[in-house]
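Peer 1: Mind having a look at this structure? Questions to follow.
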Amino acid sequence: MRTESGAEPDSEGDEKHGYFVGVLQAVRDSLRPRMTPEEAAASADKPSPSSSTSPFQTTAEDLGNKFAALNVDDPSQTFIDDFVNAPVERPKAQEQDPVAYAAEEQVSLEEMLFSLTLLMNDLMKIRSRIEWIWSNHRDGFFDLGAAAVATNVAVALARGMIDEVEPMLNRYERGAYGVLNKFFLVLGLRKGYTLDELVLDGDDNFPYDLYELTNETYLVAYRLLVSCADVLQPSQLPLIKEGLFGHYDAKSDHTKKSGRQKFLEDQIIIMELFTEFITVIRCVPGYPVEDEVLRGMRVLEKTKTVPFSLVFAVQILLDINHTMRDTTRSSFNIMVQQTSAVETHLKSYLEYHKNLRIDNWPASNDMALKQLIQRIQWMGSDPIHKVKSKIMKSMGVPVSPQMELHRILIYSPVLAGMYLYRTRYDMWEAGIAIANAWGSITYTAHLYNALRHQNLVQGLWPDMDLTLSLLGESSVWVGDERPIGIGDCFKKFCLQMGVTASAFTTNRRKKIGTLHSRAGPRGIKDGCPVSSKFTAEFISGHESELNWTPEMVQDILARSRSLVEEPSDNRLIMSQLDAPVKGKGKGPQKDKTDMPTAEELVKALILALHFESLEMAFPYTLMHRWCWNLLRQVKNECDPLLRELYTPAYMDRENQLPWVIGYILMAASGIDGGVQDGRLLKAAADVFSVMTETEAGMVSIVVMKKLGFDIGFEAEEPDIEKE
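As structure tokens, this is what we get:
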């Protein structure tokens, strides 16, 4: 056919075609046994015109005969119509298929380095802000608990940033570690170092002389953590001989050390802490706090891999030690002092109420307080040291006296601060609950306010004034305003107790009734709007899988009642508001362009937490006991008049002491019968003079000052009711 069309003969093409035809003939021969005798004879009798040239060639006639037995029918019209009108079905995903299929994004080296550079810049800003926090704590400006929580949130925010970029880094050789080594080389060359200075020969090829550069690129922390992962064995603790790497001298000047000395110092800190962390993970269940370092160590212990987020957290730990130096022990002592004070207050409360009970404070609540005492005592005994000592003794290894107690809390101010914060948080919750159950603080505040506005008490009761300042007007006074007139004082007191005024008039000649108002008693409202969001679950690590975002932090900060001003002279002026700052809102900001950076959010967070630290650390249980003692004295002083006015049945149990305040205010207001009788109010004023004229009114403030809180305030003069 090609020749007839004018094409030149192609011997190579003919050979290929002949081979193909020969294959068909071979197939025919293999099928010959299945042919009928007639078909087989006909097939055998047909000669091949080209048999002389190739055994595999055949004729077109032979090929046509192969299909002679086939019948081809035209499709029916019904079939054609069904085919043309058939719906087009698109592929669908299988039902309940948990797998999401997506094309893998291709990332170039340039894109990866660009993303890494942005990440490194953001991480450096967070590192700088954390260094600012701890330098201010070292100098006595920031509270330990506030600094620790703000730091842990900052590292958690950094973890979110790292988790977005790390999968991209893991596509390259040795993952993030390998990429950071390349980043170190690029950064070193840009800073003018030669390749010989950056890349060293030998087994120990770490560039100690370039410590600051390796610190900046996280290679110090990475190298140390890789070494930790290499020595970790599943069946034994990594107990390291004391002094194997040297001894950490926190009093030495870090800035005057050589690069090798700085690296060795970091090695001592990390290797000694590594033993502590693994001991907690494997042998100390129920450890009450968990920071980002301990969280990352759990990942390392489980997978023997070193995530970049753990590297950053460990670098922050080293940075804090570089900043704090030997003052880390001072922070540890602050934690011990304040947690011991909590234990003392709890024991005093339980002893005080051994025989004094109230219906709405069940025994289970006291059990929770006892468990808090047990936890403080357990932590004070250092369970980590006990486990290590027990294992070493079982191995026949003497316990070195250099293996100091509480090493993990001394080397990690973040863990120490978070433990203090959790203890303080639990005590704050208990203190407010106790004050609300007994009504001791708020009801006594109503009587104190009435005496002040009636000009029957001249001095101040510093403890009560500080308490009211911390709690805010809305937490104590119904309607968010202090009552001034004596009649208003009585009405608002009744609303606070959750009873009607008739409850007192009804009980003039009989026992106390139960004429409650619809609203019920009003307790102290929730305070510490920022600090209260960092619950025990967050501090203990039960929410460690929570991925913190800037929007979440911004949402918490929107609840703050603190107003921060920064004048041009580098001072901070913080004032308390009785409601969140107008314009902040309670939801996360929708406009991404208005969202502060992570570093800015951390700064706002530490200021808000520090501002609320006094409110959270205040000894409410101590204040409760002093208020209750004061009510006892008021009752004893007023008892003859109370019997005269209300019969001996005015009170039959001590837990009814708050009702005495109602009788005093009712008599002075003249609501019952319209005759004002101020004798009870004046008798109560004589008792309150002890609080306003002696140091008995500053017991709580003295305790707070001993704990390191610098307290100073000015109380406004009350509006005196005019007759």
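Just so we're aligned: 104 in the numbering used here is position 121 of the sequence shown, and the numbers increase by one with no gaps anywhere. Beta carbons: idealized from backbone N, C-alpha and C, even for Gly.
So Ser514 packs on Leu449, CB below 8 angstroms; how close in whole Å?
Peer 2: Taking the first residue of the sequence shown as 1, we reach residue 514 at position 531. Taking the first residue of the sequence shown as 1, we reach residue 449 at position 466. That pair is no contact at about 18 angstroms.
Peer 1: To which residues does DSSP link Val319 through a beta bridge?
Peer 2: To locate residue 319, count along the sequence shown from 1; it is residue 336. Answer is none; Val319 lacks a bridge partner.
Peer 1: Kindly list the residues whose CB is nearer than 8 angstroms to the CB of Arg112, restricted to its own chain and excluding five residues on each side of it in sequence; keep chain order.
Peer 2: Indexing the sequence shown from 1 puts residue 112 at position 129. So the qualifying residues of the chain are Ala137, Glu582, Val585, Lys586.
Peer 1: Can you name, in chain order, every residue of its own chain whose Cβ lies under 6 angstroms from the Cβ of Asp660, other than the five neighbours on each side?
Peer 2: One-based indexing of the sequence shown puts residue 660 at position 677. Cβ within range, chain order: Ala650.
Peer 1: When DSSP labels each residue in this structure, what does Ser545 get in the three-state scheme?
Peer 2: Against the sequence shown, residue 545 aligns to sequence position 562. The answer is strand: DSSP assigns Ser545 an E or B state.
Peer 1: Which runs of the alpha helix (DSSP H) spanning at least 4 residues fall entirely within the segment 144 to 197, listed in chain order?
Peer 2: As far as the segment 144 to 197 is concerned, its whole alpha helix (DSSP H) runs of at least 4 residues are 158 to 173, 178 to 181.
Peer 1: Can you give me the Cβ contacts of Gly680 inside the same chain, cut-off strictly under 6 angstroms, excluding the 5 residues immediately before and after it?
Peer 2: Reading the sequence shown from its first residue, position 697 is the one you call residue 680. If we look at Gly680 and ignore the five residues flanking it on each side, its Cβ neighbours are Trp444, Pro445, Asp446, Met674.
Peer 1: What residue from Asn338, Leu664, Arg405 has the CA that sits closest to Ala129's CA?
Peer 2: Along the sequence shown, one-based indexing puts residue 129 at 146. Among Asn338, Leu664, Arg405, the Cα nearest to that of Ala129 is on Arg405.
Peer 1: Which of the three DSSP states, helix, strand or coil, is assigned to Val482?
Peer 2: Here residue 482 is taken as the residue at index 499 of the sequence shown, counted from 1. Strand.
Peer 1: Tell whether a beta-carbon distance below 8 angstroms holds between Leu690 and Ala324.
Peer 2: For the purposes of this step, residue 690 is identified with residue 707 of the sequence shown, where counting begins at 1. For the purposes of this step, residue 324 is identified with residue 341 of the sequence shown, where counting begins at 1. Yes, these two residues count as a Cβ contact at 8 angstroms.
Peer 1: With a cut-off of 8 angstroms on the beta carbons, I'd call Ser672 and Val440 a contact; round off their distance for me.
Peer 2: The residue you call residue 672 lines up with position 689 of the sequence shown. The residue you call residue 440 lines up with position 457 of the sequence shown. Indeed they touch by this definition, with Cβ atoms about 7 angstroms apart.
Peer 1: Which residues does DSSP list as the beta-bridge partners of Gln219?
Peer 2: Position 236 of the sequence shown, counted from the start, is the residue given in the question as residue 219. DSSP, once it has assigned bridges, lists Gln216 as partnering Gln219.
Peer 1: Is the segment 267 to 274 close to the segment 183 to 203, with three or more CB pairs under 8 angstroms?
Peer 2: The segment 267 to 274 is not in contact with the segment 183 to 203.
Peer 1: Can you tell me whether DSSP reads Gln385 as helix, strand or coil?
Peer 2: What you label residue 385 is simply residue 402 of the sequence shown in a count that begins at 1. The answer is coil: DSSP assigns Gln385 none of H, G, I, E or B.
Peer 1: Assuming Leu152 contacts Leu99 under a Cβ cut-off of 8 angstroms, what Cβ separation, rounded to an integer in Å, is found between them?
Peer 2: Here the question's residue 152 lines up with position 169 in the sequence shown. Here the question's residue 99 lines up with position 116 in the sequence shown. Confirmed, about 7 angstroms.
Peer 1: Note the first and the last residue of the continuous alpha helix (DSSP H) segment covering Lys618.
Peer 2: Locating residue 618 in the sequence shown gives position 635, counting from the first residue. From DSSP, the alpha helix (DSSP H) with Lys618 extends over 603 to 629.
Peer 1: Pairing CB atoms from the segment 152 to 166 with CB atoms from the segment 199 to 218, are three or more of them under 8 angstroms?
Peer 2: With the cut-off at 8 angstroms, the segment 152 to 166 and the segment 199 to 218 touch.
Peer 1: With distances taken from CA atoms, which of Asn638, Ala159, Val132, Glu387 is nearest Lys224?
Peer 2: Position 241 of the sequence shown holds residue 224. Ranking Asn638, Ala159, Val132, Glu387 by Cα distance to Lys224 puts Glu387 first.
Peer 1: Could you give the DSSP three-state label for Gln89: helix, strand or coil?
Peer 2: Locating residue 89 in the sequence shown gives position 106, counting from the first residue. Here Gln89 sits in coil by DSSP.
Peer 1: Skipping 5 residues on each side, what residues in its chain have a beta carbon closer than 6 angstroms to that of Phe787?
Peer 2: The structure shown does not extend to residue 787, since the chain is modelled only from -16 to 706, so the question has no answer here.
Peer 1: Look up Gln559 in the DSSP assignment and give the residues it is bridged to.
Peer 2: Stepping through the sequence shown from its first residue, residue 559 is reached at position 576. Ser545.
Peer 1: Select from Arg465, Ala212, Glu678, Gln385 the residue whose C-alpha is nearest the C-alpha of Met254.
Peer 2: The residue given as residue 254 occupies position 271 in the sequence shown. Ranking Arg465, Ala212, Glu678, Gln385 by Cα distance to Met254 puts Ala212 first.
Peer 1: Excluding the 5 residues flanking Ile317 on each side, which residues of the same chain have their C-beta closer than 7 angstroms to its C-beta?
Peer 2: Numbered from 1 along the sequence shown, position 334 holds the residue referred to as residue 317. Around Ile317: Leu127, Gly691.
Peer 1: Restricting to Cα atoms, I'd like to know which of Pro641, Tyr194, Ile467 is closest to Asn419.
Peer 2: By one-based count along the sequence shown, residue 419 stands at place 436. Of Pro641, Tyr194, Ile467, the residue nearest in Cα terms is Pro641.
Peer 1: Would you check if the segment 420 to 434 and the segment 601 to 621 touch, i.e. whether three or more CB-CB distances between them fall below 8 angstroms?
Peer 2: With a cut-off of 8 angstroms, the segment 420 to 434 and the segment 601 to 621 count as touching, because enough Cβ pairs lie within range.
Peer 1: If the criterion is Cβ atoms closer than 8 angstroms, does the pair Gln537 and Arg505 meet it?
Peer 2: As a position in the sequence shown, residue 537 is number 554, starting the count at 1. As a position in the sequence shown, residue 505 is number 522, starting the count at 1. No, the Cβ-Cβ distance between Gln537 and Arg505 is not below 8 angstroms.
Peer 1: Which whole-angstrom value is the C-beta distance of Ala600 and Arg407, which I expect to be below 8 angstroms?
Peer 2: Sequence index remark: in the sequence shown, residue 600 carries index 617 (1-based). Sequence index remark: in the sequence shown, residue 407 carries index 424 (1-based). Going by Cβ atoms, the distance from Ala600 to Arg407 rounds to 5 angstroms, so yes, they are a contact pair.
Peer 1: Hey, out of Thr134, Leu193, Gly510, whose CA is closest to Gly242's CA?
Peer 2: Reading the sequence shown from its first residue, position 259 is the one you call residue 242. Considering only alpha carbons, the answer is Leu193.
Peer 1: When the Cα atoms are used, what is the spatial distance from Leu140 to Ser395?
Peer 2: One-based indexing of the sequence shown puts residue 140 at position 157. One-based indexing of the sequence shown puts residue 395 at position 412. When rounded, the distance between both Cα atoms is 19 angstroms.
Peer 1: At what residue ranges does the segment 329 to 390 contain a whole run of the alpha helix (DSSP H), taking only runs of 4 or more?
Peer 2: The segment 329 to 390 contains these whole alpha helix (DSSP H) runs: 346 to 363, 366 to 377.
Peer 1: Excluding five sequence neighbours on each side, which residues of the same chain lie with their C-beta closer than 8 angstroms to the C-beta of Thr288?
Peer 2: Translated into positions along the sequence shown, residue 288 becomes position 305. Taken in chain order, the residues that qualify are Ala212, Val282.
Peer 1: Once the 5 residues before and after Glu678 are set aside, which same chain residues still bring their CB inside 8 angstroms of it?
Peer 2: Counting from one through the sequence shown, the residue named residue 678 turns up at place 695. Taken in chain order, the residues that qualify are Val685.
Peer 1: If we call anything under 8 angstroms between Cβ atoms a contact, is Met401 one with Val132?
Peer 2: Against the sequence shown, residue 401 aligns to sequence position 418. Against the sequence shown, residue 132 aligns to sequence position 149. Closer than 8 angstroms, so yes.
Peer 1: What span of residues does the alpha helix (DSSP H) with Ala666 cover, start to end?
Peer 2: For the purposes of this step, residue 666 is identified with residue 683 of the sequence shown, where counting begins at 1. 662 to 676 is the span of the alpha helix (DSSP H), which, as asked, contains Ala666.
Peer 1: Would you kindly check if the distance between the Cβ of Ile589 and the Cβ of Phe295 is under 8 angstroms?
Peer 2: Taking the sequence shown and counting its residues from 1, the one referred to as residue 295 is at position 312. Taking the sequence shown and counting its residues from 1, the one referred to as residue 589 is at position 606. No, Cβ-Cβ distance for Phe295 and Ile589 is not below 8 angstroms.
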